[in-house]
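Written below as C-alpha cells is the structure these notes are about.
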Amino acid sequence: MAAQVQAAESPNILILGDSLSAGYGIDVDQSWAALLQQRLEEQGYEHRVVNASISGETTEGGRTQVENAIETFSPTLIILALGGNDGLRGFPPARIKENLSNIALSAKASGADVVLLGIRIPTNYGARYTSAFEAVYPEVAAELDILWIEFFMEGVALNDELLQEDRIHPNARAQPILLDNAWPIIRATLDGQ
7 MAAQVQAAES PNILILGDSL SAGYGIDVDQ SWAALLQQRL EEQGYEHRVV NASISGETTE
67 GGRTQVENAI ETFSPTLIIL ALGGNDGLRG FPPARIKENL SNIALSAKAS GADVVLLGIR
127 IPTNYGARYT SAFEAVYPEV AAELDILWIE FFMEGVALND ELLQEDRIHP NARAQPILLD
187 NAWPIIRATL DGQ
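Positions 7 to 199 (this note's numbering) are the ones given, in order, by the sequence shown.
Rendered as C-alpha cells:
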C-alpha cells in the first residue's frame, strides 16, 4: 500500500516517441526508457517514467494522443521524440513543425516541461527536403524555449554493430548510448523544476 501511495505521488516523465523509444525489436527492459528509470533511481530522482511511445507513430499521432496522455499521467516533463516516421514518409516539414509545436504547447499549457529529441533522415530524400526537415527541431526549440538535442541517434545511426538487422532500429547495445545522448537535457530540465 505504501509503495502504491509513493508511486501515485511520484512526478511522472512521459515519453512520446516512436519505435526508437518504444524498444522495437528488443526486450523492453533493455530500452533506453527503462534505463532512464534506472538512472533516475540511482541518482536520487523520484520520477516515474511512463513510456507512451508507439512503433510507427508520427507527429500527427502524437498530437492526437497528447491531451489524453497529459490528462491520464499528469507529467511534469514530456520527452518529445517524434518526427522520424514523418520524415521517412516525406511529410511536409511545415506540418511536422506545426504538430511538434502543438504537442509542446499542450504540454506547457498543462504545466509540464518539454525536451525535444531531434532526428535526421537519410540523405536520399534530397538536400532541400533533408535540410528543411532537420531545421524543424531547432526552430521549434527556439520558438518555444525548450531544450533539445540535434540527433538522438548520434553515435548509433551508422554503426552496424549497434543496429538491428534492418539497419534502422537500435539494438540493445545501443540503448545506453541513446540514454546518454538524451540525459543532459533531461537532467537539466529536471534540476530546473
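Positions of the beta carbon are idealized from the N, C-alpha and C atoms, including for glycine.
- Item | Reference Leu86, options Ala100, Asn74 and Asn57, closest by Cα | Taking the first residue of the sequence shown as position 1, residue 86 is located at position 80. Comparing Cα-Cα distances from Leu86 to each of Ala100, Asn74 and Asn57, the minimum goes to Asn57.
- Message: Does the stretch 34-54 come into contact with the stretch 63-74, if we say contact requires no fewer than three beta-carbon pairs (one atom in each stretch) closer than 8 Å?
- Response: These segments do not touch.
- Message: Assess contact between the stretch 131-150 and the stretch 159-177, defined as three or more Cβ pairs (one per stretch) separated by less than 8 Å. Is contact present?
- Response: Below 8 Å, too few C-beta pairs join the stretch 131-150 and the stretch 159-177 to call them touching: fewer than three.
- Can you tell which of Ile19, Gly124, Glu15 and Thr136 has its C-alpha closest to the C-alpha of Leu153? By one-based count along the sequence shown, residue 153 stands at place 147. If we check each option's Cα against that of Leu153, Gly124 comes out closest.
- Message: Taking its Cβ as the centre, do 16 or more other Cβ atoms sit within 10 Å of Thr78, making it buried, or is it exposed?
- Response: On the sequence shown, residue 78 is found 72 positions in, with the first residue counted as 1. Per the 10 Å Cβ criterion, exposed.
- Task: Would you list the residues sitting across from Asp119 in a DSSP beta bridge?
- Result: Working through the sequence shown from its first residue, we reach residue 119 at position 113. Beta bridge pairing from DSSP links Asp119 with Leu83.
- State the Cα-Cα distance for the pair Pro190 and Val121, rounded to the nearest angstrom. Residue mapping note: residue 190 aligns to position 184 of the sequence shown, counting from 1. Residue mapping note: residue 121 aligns to position 115 of the sequence shown, counting from 1. Approximately 10 Å between the Cα atoms of the pair.
- Alpha-carbon spacing of Asp186 relative to Gly117, whole angstroms: The count along the sequence shown starts at 1 and reaches residue 186 at position 180. The count along the sequence shown starts at 1 and reaches residue 117 at position 111. The C-alpha of Asp186 lies about 26 Å from the C-alpha of Gly117.
- Message: Distance check for Tyr131 and Ile19, CA to CA, integer angstroms please.
- Response: In the sequence shown, the residue the question calls residue 19 occupies position 13. In the sequence shown, the residue the question calls residue 131 occupies position 125. Approximately 34 Å, taken between the alpha carbons.
- Can you tell me which of the three DSSP states Asn130 falls into? Counted from its first residue, the sequence shown places residue 130 at position 124. Look at Asn130 here: in three-state DSSP terms it is helix.
- Query: Apart from the five residues on each side of it in sequence, which residues of its chain come closer than 8 Å, Cβ to Cβ, to Gln36?
  - Reply: Start at 1 with the first residue of the sequence shown, and residue 36 comes out as number 30. Answer for Gln36: Gly29, Ala178 and Gln181, listed in chain order.
- Message: Can you tell me whether Pro176 is helix, strand or coil according to DSSP?
- Response: Stepping through the sequence shown from its first residue, residue 176 is reached at position 170. Strand at Pro176.
- Message: Let me make sure I understand the geometry here. Which of Arg126, Asp33 and Ala75 has the alpha-carbon closest to that of Asp203?
- Response: The shown model of the chain, from 7 to 199, leaves out residue 203, and the question about it has no answer.
- Using the C-alpha atoms, what's the distance from Ser27 back to Phe158? Within the sequence shown, residue 158 is the residue found at index 152, counting from 1. Within the sequence shown, residue 27 is the residue found at index 21, counting from 1. Going by the C-alpha atoms only, they are around 10 Å apart.
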